[in-house]
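Report on the structure given below.
2 protein chains.
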Amino acid sequence: MAETLKPLVFYDFPSKKPGVNAWNPNTWKTRYSLNYKGIPYKTIWVEYPDVASTLKAAGIAPHPTTRKPDGSPMYTLPVIVDPNTGTSVSDSLLIADYLDKTYPDKPILIPAGTRALHEAFLDALTPNFYPTMRFSMLKICEILNPRSEAYIREARKNDVLKMLNAASIEDVYPKGDEAEVEWKKFEEGMKNVAKWMDSNDRFVMGDTISFADFVLGGFLQANKKMWGEQSKEWKDIASWDGGRWGRLLEDLQKYDRDD
Amino acid sequence: MAETLKPLVFYDFPSKKPGVNAWNPNTWKTRYSLNYKGIPYKTIWVEYPDVASTLKAAGIAPHPTTRKPDGSPMYTLPVIVDPNTGTSVSDSLLIADYLDKTYPDKPILIPAGTRALHEAFLDALTPNFYPTMRFSMLKICEILNPRSEAYIREARKNDVLKMLNAASIEDVYPKGDEAEVEWKKFEEGMKNVAKWMDSNDRFVMGDTISFADFVLGGFLQANKKMWGEQSKEWKDIASWDGGRWGRLLEDLQKYDRDD
Numbered sequence: 001m002a003e004t005l006k007p008l009v010f011y012d013f014p015s016k017k018p019g020v021n022a023w024n025p026n027t028w029k030t031r032y033s034l035n036y037k038g039i040p041y042k043t044i045w046v047e048y049p050d051v052a053s054t055l056k057a058a059g060i061a062p063h064p065t066t067r068k069p070d071g072s073p074m075y076t077l078p079v080i081v082d083p084n085t086g087t088s089v090s091d092s093l094l095i096a097d098y099l100d101k102t103y104p105d106k107p108i109l110i111p112a113g114t115r116a117l118h119e120a121f122l123d124a125l126t127p128n129f130y131p132t133m134r135f136s137m138l139k140i141c142e143i144l145n146p147r148s149e150a151y152i153r154e155a156r157k158n159d160v161l162k163m164l165n166a167a168s169i170e171d172v173y174p175k176g177d178e179a180e181v182e183w184k185k186f187e188e189g190m191k192n193v194a195k196w197m198d199s200n201d202r203f204v205m206g207d208t209i210s211f212a213d214f215v216l217g218g219f220l221q222a223n224k225k226m227w228g229e230q231s232k233e234w235k236d237i238a239s240w241d242g243g244r245w246g247r248l249l250e251d252l253q254k255y256d257r258d259d
Numbered sequence: 001m002a003e004t005l006k007p008l009v010f011y012d013f014p015s016k017k018p019g020v021n022a023w024n025p026n027t028w029k030t031r032y033s034l035n036y037k038g039i040p041y042k043t044i045w046v047e048y049p050d051v052a053s054t055l056k057a058a059g060i061a062p063h064p065t066t067r068k069p070d071g072s073p074m075y076t077l078p079v080i081v082d083p084n085t086g087t088s089v090s091d092s093l094l095i096a097d098y099l100d101k102t103y104p105d106k107p108i109l110i111p112a113g114t115r116a117l118h119e120a121f122l123d124a125l126t127p128n129f130y131p132t133m134r135f136s137m138l139k140i141c142e143i144l145n146p147r148s149e150a151y152i153r154e155a156r157k158n159d160v161l162k163m164l165n166a167a168s169i170e171d172v173y174p175k176g177d178e179a180e181v182e183w184k185k186f187e188e189g190m191k192n193v194a195k196w197m198d199s200n201d202r203f204v205m206g207d208t209i210s211f212a213d214f215v216l217g218g219f220l221q222a223n224k225k226m227w228g229e230q231s232k233e234w235k236d237i238a239s240w241d242g243g244r245w246g247r248l249l250e251d252l253q254k255y256d257r258d259d
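Protein chains in written order, with UniProt numbering: chain Z, 1 to 259; chain S, 1 to 259.
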């Protein structure tokens, strides 16, 4: 099958920032997955306000479980369409399942027996990644094209900003002493995650790369792109926990293709 | 070595409740671990106010990381002492590590590569188990001998009750409509955990038993002992998620020794 594999279609979010292509932590999970398995694909870049209409037009179903606040179906990225099987899949973890099942002779993303542990890993990360939110909402706006930026600013008013009782993304961006406190929380969150691992292990599963590394890698890629590789902030993140986060992105560099 | 293995010493908390021996969710993790590996051991039952003095007298170190609110060292159970190697270990996960490393020819608790995923699994469980706290604080008092009960009631005043701004364990025990709401939260928490797994899988890692099952099993055992096997509450828990929690304890029954 490998010889004749037609390229998959992979939907991702574009960037206006010079030198930055893929930047979204969730689509990076799938991008890493595809690159690691060595599966050919072509990226279709979609602006946020066009996601639902683009996927609908391509006959792709909404996310199987994620819903809008009003309970209606929601279209999210990443999505892949596999012309070799006629299948489309939403959600990075479900895409990993699909790729392992359909292409079991290529490197495995979720080693046998670890599916539920991977789910728990994703759940356990959430509170540790949460402190970045107040920073990243604004930094992402610097990456988005104007139509996506407007769309995201409106969407945040109806979820995170409503929850925080704030008017704008700028209002919640930590400033002055608060910025130091919030940055420290971010560092503490990453320290919690680092503690799960042996400091000598390069990957979550030790010497074996797995989808869990692509979840961490996606989050780190997003930060690297948001802050900029030469920024004080990224250098800080990359240095935390004995430099393990910078080293992880280096170790994953050969799966970095993002065109 | 198996032929000449001297029994390990295993420290656990006693019960005054008729028909209940081991009941603590944390010591059950180790009890299951020892039973699963088939390692001989003898239980020493210790009342809460005697834990520190008993372990100190036996030359055992406090927990390596857990601290009292004032920052001083803390003695916790489970603890094992292995006379075959002269080693003592606190903390159920570290005991699992020790047992796998020292007795690698016996069934493995933490399969290769899954150590960090197990840590994440433990972290991910915490918020899902949290809704039981307001129930279990009182139900545990029905199991404890009077000296332990007095000790635990005093300890809770300085942590959970202070946090909840409440005077007594009785005050926070959910009553009437609130009991229904809180019980529902418990059910929702267990549903979150069940969602990580394939409904056909008996164990967290599928067909393979691992330490993760003993963490769930310990929590379920504690509930079964607190509520009583014939109680409405235990029957309810055992029935949730297609009966998977009752079935798990049945599947683990051969590792149930608790003398």
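Ideal Cβ positions, reconstructed from N, Cα and C, are used throughout, including at glycine.
Using a C-beta cut-off of 8 angstroms, the region 97-104 of chain Z makes no contact with the region 123-136 of chain Z, since fewer than three inter-stretch Cβ pairs fall below that distance. For Z:Leu109, no beta strand (DSSP E) segment is defined, and its DSSP state is neither H nor E. Here Z:Arg257 has Asn35 as same chain residues with Cβ atoms under 6 angstroms from its own Cβ, once five neighbours each way along the sequence are excluded.
Residue pairing by DSSP places S:Val79 opposite S:Tyr11, S:Ser90 in a beta bridge. In this structure, DSSP gives Z:Arg67 an extended state, which the three-state scheme calls strand.
Inclusion of S:Thr27 and S:Asp12 in the CB contact set at 8 angstroms is warranted, their separation being smaller than that value. The DSSP-derived three-state label of Z:Met137 is helix.
For S:Gln253, the closest of S:Lys224, S:Leu5, S:Val160, S:Lys191 by C-alpha to C-alpha distance is S:Lys224. Within the same chain, and ignoring the five residues on either side of Z:Asp213 in sequence, the residues whose Cβ sits closer than 6 angstroms to its Cβ are Phe203, Val204. Contact check for Z:Trp196 and S:Glu119: beta-carbon distance about 4 angstroms, within the 8 angstroms limit, so the pair qualifies. The beta carbon of S:Arg244 sits no closer than 8 angstroms to any beta carbon of chain Z.
Each residue's CA atom was taken as its position, placing S:Ala166 and S:Gly228 some 27 angstroms apart. In this structure, the CA atom of Z:Glu142 is about 14 angstroms from the CA atom of Z:Ser231.
Below 8 angstroms, too few C-beta pairs join the region 69-78 of chain Z and the region 179-186 of chain Z to call them touching: fewer than three.
Take the alpha-carbon of S:Asp201 and the one of S:Arg147: they are about 42 angstroms apart.
Boundaries of the beta strand (DSSP E) harbouring Z:Thr43: 41-45, taken from the DSSP string.
DSSP lists Z:Arg67 as the bridge partner or partners of Z:Pro73. S:Pro64 sits away from S:Asp100, with the two beta carbons spaced by 8 angstroms or more. Between S:Asp97 and S:Ile110, the C-beta spacing is below 8 angstroms.
Counting only the Cα atoms, Z:Ser168 lies some 14 angstroms from Z:Lys175. The C-alpha of S:Leu138 is placed about 12 angstroms away from the C-alpha of S:Val160. Interface residue (Cβ-Cβ distance to chain Z less than 8 angstroms): S:Ala124 is classified as such.
Within its own chain, the residues whose Cβ lies closer than 7 angstroms to the Cβ of Z:Asn84, once the five positions on either side in sequence are excluded, are Leu5, Lys6, listed in chain order.
Assignment of S:Gly206 by DSSP, reduced to helix, strand and coil, places it in the strand class.
The beta carbons of Z:Ile39 and Z:Leu8 sit about 6 angstroms from each other, so the pair counts as a contact at 8 angstroms. When the five nearest sequence neighbours on each side are left out, the beta carbons in the same chain lying within less than 8 angstroms of the beta carbon of Z:Asn192 are those of Asn128, in order along the chain. DSSP assignment within the region 130-194 of chain Z yields the following whole alpha helix (DSSP H) runs of 4 residues or more, N-terminal first: 133-141, 146-158, 160-164, 169-172.
Within chain Z, the residues Ala116, Glu119, Ala120 have their CB atoms less than 7 angstroms from the CB of S:Trp196, given in chain order. Within chain Z, no C-beta atom comes less than 8 angstroms from the C-beta of S:Gly176; the nearest is roughly 30 angstroms away. Secondary structure at S:Leu117: helix, using DSSP grouped into helix, strand and coil. Separation of the CB atoms of S:Gly218 and S:Pro25 is rounded to 4 angstroms, and the pair is thereby assigned contact status at 8 angstroms.
Proximity of S:Val215 to chain Z, defined by a Cβ-Cβ separation below 8 angstroms, is not satisfied.
Note on Z:Asp82: 16 or more other CB atoms within 10 angstroms of its CB, so buried under the neighbour-count rule. Closest in alpha carbon position to S:Met133, among S:Phe121, S:Met163, S:Asn145, S:Asp251, is S:Met163. By the beta-carbon neighbour count (other beta carbons within 10 angstroms, threshold 16), Z:Lys235 is exposed.
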